[in-house]
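Protein chains: 2
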Amino acid sequence: MRDAEPASKAKRARHGVSTRDRLIAVALKLFTERGPDRVTTAQIADAAGINEGNLYYYFKTKQALVLVIFDRFEAEVDRLLESPRRDSADPAAYATFLREWFEIVWSYRFLYRDFMSLLATAPELRRRIRAISARLRAPVKTLMGHMRAAGLIAISDEELDALLANVWIVSTYWVVYLDVQEGVRALKKAHLEWGIKQVSSLFTPYLTPLAREWLDAQAATT
Amino acid sequence: MRDAEPASKAKRARHGVSTRDRLIAVALKLFTERGPDRVTTAQIADAAGINEGNLYYYFKTKQALVLVIFDRFEAEVDRLLESPRRDSADPAAYATFLREWFEIVWSYRFLYRDFMSLLATAPELRRRIRAISARLRAPVKTLMGHMRAAGLIAISDEELDALLANVWIVSTYWVVYLDVQEGVRALKKAHLEWGIKQVSSLFTPYLTPLAREWLDAQAATT
DNA sequence: GTCTATAATCAGATAGAC
DNA sequence: GTCTATCTGATTATAGAC
Numbered sequence: 001m002r003d004a005e006p007a008s009k010a011k012r013a014r015h016g017v018s019t020r021d022r023l024i025a026v027a028l029k030l031f032t033e034r035g036p037d038r039v040t041t042a043q044i045a046d047a048a049g050i051n052e053g054n055l056y057y058y059f060k061t062k063q064a065l066v067l068v069i070f071d072r073f074e075a076e077v078d079r080l081l082e083s084p085r086r087d088s089a090d091p092a093a094y095a096t097f098l099r100e101w102f103e104i105v106w107s108y109r110f111l112y113r114d115f116m117s118l119l120a121t122a123p124e125l126r127r128r129i130r131a132i133s134a135r136l137r138a139p140v141k142t143l144m145g146h147m148r149a150a151g152l153i154a155i156s157d158e159e160l161d162a163l164l165a166n167v168w169i170v171s172t173y174w175v176v177y178l179d180v181q182e183g184v185r186a187l188k189k190a191h192l193e194w195g196i197k198q199v200s201s202l203f204t205p206y207l208t209p210l211a212r213e214w215l216d217a218q219a220a221t222t
Numbered sequence: 001m002r003d004a005e006p007a008s009k010a011k012r013a014r015h016g017v018s019t020r021d022r023l024i025a026v027a028l029k030l031f032t033e034r035g036p037d038r039v040t041t042a043q044i045a046d047a048a049g050i051n052e053g054n055l056y057y058y059f060k061t062k063q064a065l066v067l068v069i070f071d072r073f074e075a076e077v078d079r080l081l082e083s084p085r086r087d088s089a090d091p092a093a094y095a096t097f098l099r100e101w102f103e104i105v106w107s108y109r110f111l112y113r114d115f116m117s118l119l120a121t122a123p124e125l126r127r128r129i130r131a132i133s134a135r136l137r138a139p140v141k142t143l144m145g146h147m148r149a150a151g152l153i154a155i156s157d158e159e160l161d162a163l164l165a166n167v168w169i170v171s172t173y174w175v176v177y178l179d180v181q182e183g184v185r186a187l188k189k190a191h192l193e194w195g196i197k198q199v200s201s202l203f204t205p206y207l208t209p210l211a212r213e214w215l216d217a218q219a220a221t222t
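Chains as they are written, first to last, in full-length UniProt numbering: chain U, 1 to 222; chain Y, 1 to 222.
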């Protein structure tokens, strides 16, 4: 229960949102825009419409604020992992999983982009981000195995391992690539689609005629 | 001539290397280890065996030090691009190109890993890193076109564009992935080979029987 | 819970002697 | 070219009134 609310009832002065939640939201926004090292507690308090001293009432350190945001990231990943569809060999299930993962990566992209800064003040994050990666990778590998067993992809064991690593790299860093190298500041639907298309294209050459038929049918329906 | 030596002869007190070069080497090392924001000028001077004040004789600002390192990165890329082999459709030429690019990316990986910190103090770097990306991408695309024309890969125009982007993402971020997510601190030959294998595996499914024969023959020779 | 001070620290940078 | 000494500014964090 790291992310528990304070015992007393939080005030909901503005927009019906508690000050604490507003601080978290504003911090995430600023961290994403400029990176956590280039955002001061004064700026966060300012953007949240409160005084700097007051911020320290909610978060005793700046690092605590970062950790709470990381907790939320973790919670969203948990929710994704607990959703029931992951045992399916249905390509549509994979597509949904991928889209939701991409939305999470987009929202919390500063965690990957500015990871080194975060490590310096909170070394535990290395372990935690690796744990998340490992937990996410397992169902993806399972799913790829199911796709192969169902005759949707034709691929050797060795190729499958390499593909998995590439899926991992592209699905994590597509957003850093767009941000840093292409200067994309705000996620438009087109960018999300671009990322999904990139990861999908990793699979394309391995698809069997069966899978291609199915995909064509899907495309015709939509 | 951003990277020009001072007019006067530099002393080569230790190891036969000028203080200026020593500072650059030490700064690169520390930036790589901890990220530029977590390294102070005092620490750089210390590691170089000189006084902090003296550092400022060589580099008026910390940012100037970063920019000189970036200049060297740029120069290495230039050297790679000016090497004569890039018009060839010979896969071996591509393999060499890839390996040299990977060594550069490894050496200067902090530029990609800590890009946001750098941007904050030197916004011009966004333009410069994008320019480098664009210049590198052109010959790779040309080369892929040649490979297709020579009947080594079978791929549609659309697939080729997606492949190019994935090649770009993997060949830039494999090193950040190893560093941040796998905790790899020092480049061993095995890691370089791993990165090369990952990028190669992006091409594998598109290779024609002709290319596979050629590769098998190569493998037999080596 | 929120504010007004203000403390404590530390990094980047400069001046001037040697 | 190199050092010692110092300044300046910014930032995290605290104390205590309201």
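A virtual CB, placed ideally from N, CA and C, is assigned to each residue, including glycine.
Inter-residue spacing [alpha-carbon to alpha-carbon] between residue i and residue j
{"i": "residue 150 (chain Y)", "j": "residue 102 (chain Y)", "result": "25 Å"}
{"i": "residue 163 (chain Y)", "j": "residue 202 (chain Y)", "result": "7 Å"}
{"i": "residue 50 (chain U)", "j": "residue 121 (chain Y)", "result": "28 Å"}
{"i": "residue 68 (chain Y)", "j": "residue 81 (chain U)", "result": "45 Å"}
{"i": "residue 26 (chain Y)", "j": "residue 47 (chain Y)", "result": "7 Å"}
{"i": "residue 58 (chain Y)", "j": "residue 64 (chain U)", "result": "39 Å"}
{"i": "residue 195 (chain U)", "j": "residue 104 (chain U)", "result": "13 Å"}
{"i": "residue 116 (chain Y)", "j": "residue 179 (chain U)", "result": "10 Å"}
{"i": "residue 174 (chain Y)", "j": "residue 52 (chain U)", "result": "40 Å"}
{"i": "residue 17 (chain Y)", "j": "residue 23 (chain Y)", "result": "10 Å"}
{"i": "residue 171 (chain Y)", "j": "residue 43 (chain Y)", "result": "32 Å"}
{"i": "residue 1 (chain Y)", "j": "residue 98 (chain Y)", "result": "Because residue 1 (chain Y) sits at a pLDDT of 45, beneath the cut-off of 50, its placement in the model cannot be relied upon, and the point is left open."}
{"i": "residue 155 (chain U)", "j": "residue 138 (chain U)", "result": "18 Å"}
{"i": "residue 232 (chain Y)", "j": "residue 198 (chain U)", "result": "Residue 232 (chain Y) falls outside the range modelled here, since chain Y spans only 1 to 222, and no answer is possible."}
{"i": "residue 60 (chain Y)", "j": "residue 60 (chain U)", "result": "37 Å"}
{"i": "residue 169 (chain U)", "j": "residue 161 (chain U)", "result": "13 Å"}
{"i": "residue 96 (chain U)", "j": "residue 129 (chain U)", "result": "22 Å"}
{"i": "residue 213 (chain Y)", "j": "residue 33 (chain Y)", "result": "43 Å"}
{"i": "residue 148 (chain Y)", "j": "residue 187 (chain U)", "result": "34 Å"}
{"i": "residue 165 (chain U)", "j": "residue 134 (chain U)", "result": "12 Å"}
{"i": "residue 204 (chain Y)", "j": "residue 200 (chain U)", "result": "16 Å"}
{"i": "residue 112 (chain U)", "j": "residue 70 (chain Y)", "result": "22 Å"}
{"i": "residue 183 (chain Y)", "j": "residue 45 (chain Y)", "result": "27 Å"}
{"i": "residue 83 (chain U)", "j": "residue 157 (chain Y)", "result": "37 Å"}
As assigned by DSSP and simplified to three states, the class of residue i
{"i": "residue 207 (chain U)", "result": "strand"}
{"i": "residue 196 (chain Y)", "result": "helix"}
{"i": "residue 50 (chain U)", "result": "coil"}
{"i": "residue 132 (chain Y)", "result": "helix"}
{"i": "residue 155 (chain Y)", "result": "coil"}
{"i": "residue 189 (chain U)", "result": "helix"}
{"i": "residue 59 (chain U)", "result": "coil"}
{"i": "residue 112 (chain U)", "result": "helix"}
{"i": "residue 107 (chain U)", "result": "helix"}
{"i": "residue 150 (chain U)", "result": "coil"}
{"i": "residue 40 (chain U)", "result": "coil"}
{"i": "residue 83 (chain Y)", "result": "coil"}
{"i": "residue 123 (chain Y)", "result": "coil"}
{"i": "residue 7 (chain Y)", "result": "Confidence at residue 7 (chain Y) is low in this model, with a pLDDT of 41, below 50, so the placement of that residue is unreliable and no value is reported for it."}
{"i": "residue 145 (chain Y)", "result": "helix"}
{"i": "residue 117 (chain Y)", "result": "helix"}
{"i": "residue 26 (chain Y)", "result": "helix"}
{"i": "residue 171 (chain U)", "result": "helix"}
{"i": "residue 18 (chain U)", "result": "coil"}
Residue burial classification, residue i (beta-carbon count within 10 angstroms, cutoff 16)
{"i": "residue 123 (chain Y)", "result": "exposed"}
{"i": "residue 35 (chain Y)", "result": "buried"}
{"i": "residue 54 (chain U)", "result": "exposed"}
{"i": "residue 20 (chain U)", "result": "buried"}
{"i": "residue 185 (chain Y)", "result": "exposed"}
{"i": "residue 190 (chain Y)", "result": "exposed"}
{"i": "residue 221 (chain Y)", "result": "exposed"}
Neighbourhood of residue i by C-beta, 7 Å cutoff - its chain only, sequence neighbours within 5 removed
{"i": "residue 230 (chain U)", "result": "This structure cannot settle anything about residue 230 (chain U), because the visible part of chain U is limited to 1 through 222."}
{"i": "residue 132 (chain Y)", "result": "74 and 77"}
{"i": "residue 31 (chain U)", "result": "39 and 110"}
{"i": "residue 41 (chain U)", "result": "52, 55 and 62"}
{"i": "residue 227 (chain Y)", "result": "Because chain Y in this structure spans residues 1 to 222, residue 227 (chain Y) falls outside the shown range and cannot be described."}
Check whether residue i and residue j have beta carbons under 8 Å apart
{"i": "residue 208 (chain Y)", "j": "residue 136 (chain Y)", "result": "no"}
{"i": "residue 28 (chain U)", "j": "residue 106 (chain U)", "result": "no"}
{"i": "residue 140 (chain U)", "j": "residue 167 (chain U)", "result": "yes"}
Cβ neighbours of residue i in the same chain (closer than 6 Å, five flanking residues each side left out)
{"i": "residue 238 (chain Y)", "result": "What is shown of chain Y runs 1 to 222, which leaves residue 238 (chain Y) out entirely."}
{"i": "residue 218 (chain U)", "result": "none"}
{"i": "residue 6 (chain Y)", "result": "Legend: pLDDT at residue 6 (chain Y) = 46, less than 50; position of this residue unreliable, no value from coordinates given."}
{"i": "residue 114 (chain Y)", "result": "35 and 36"}
{"i": "residue 240 (chain U)", "result": "Outside the modelled stretch of chain U, which goes from 1 to 222, sits residue 240 (chain U), for which no answer is possible."}
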